[in-house]
Amino acid sequence: MAIKNKKDVVQVKNPKSGHYVKIDRAAGKIIGHKKSPGPYKNVPVARKSTGGNN
Numbered sequence: 001m002a003i004k005n006k007k008d009v010v011q012v013k014n015p016k017s018g019h020y021v022k023i024d025r026a027a028g029k030i031i032g033h034k035k036s037p038g039p040y041k042n043v044p045v046a047r048k049s050t051g052g053n054n
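Numbering of the sequence shown is given in full-length UniProt numbering, commencing with residue 1 and proceeding in unit increments.
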């Protein structure tokens, strides 16, 4: 699987396991999970949006 754009892939922390998961934002699918502790290198961490676009 080729990565088209770096901004299409983000990581979030799984609250149950405490490990990070890589997500393809364009497809909306999980593309990988980390078995070791700590975040992926060179992959942005997705932040919660405020939801206030007024």
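Where a beta carbon is used, it is the ideal one built from N, C-alpha and C, also for glycine.
Secondary structure of K16, DSSP reduced to three states = In the structure shown, K16 sits in coil (DSSP, three-state: anything other than H, G, I, E or B).
Per-residue burial, V45 [other beta carbons within 10 Å of its own, 16 or more giving buried] | exposed
Is H7 helix, strand or coil when you go by DSSP?
-> It should be noted that the sequence gives Lys, not His, for residue 7. Judged by DSSP in its simplified three-state form, K7 adopts helix.
Applying the criterion that 16 or more other CB atoms from any shown protein chain within 10 Å of the CB defines a buried residue, is I30 buried or exposed?
-> exposed
Do you know how far the Cα of S36 is from the Cα of S49?
-> The alpha-carbon atoms of S49 and S36 are separated by roughly 27 angstroms.
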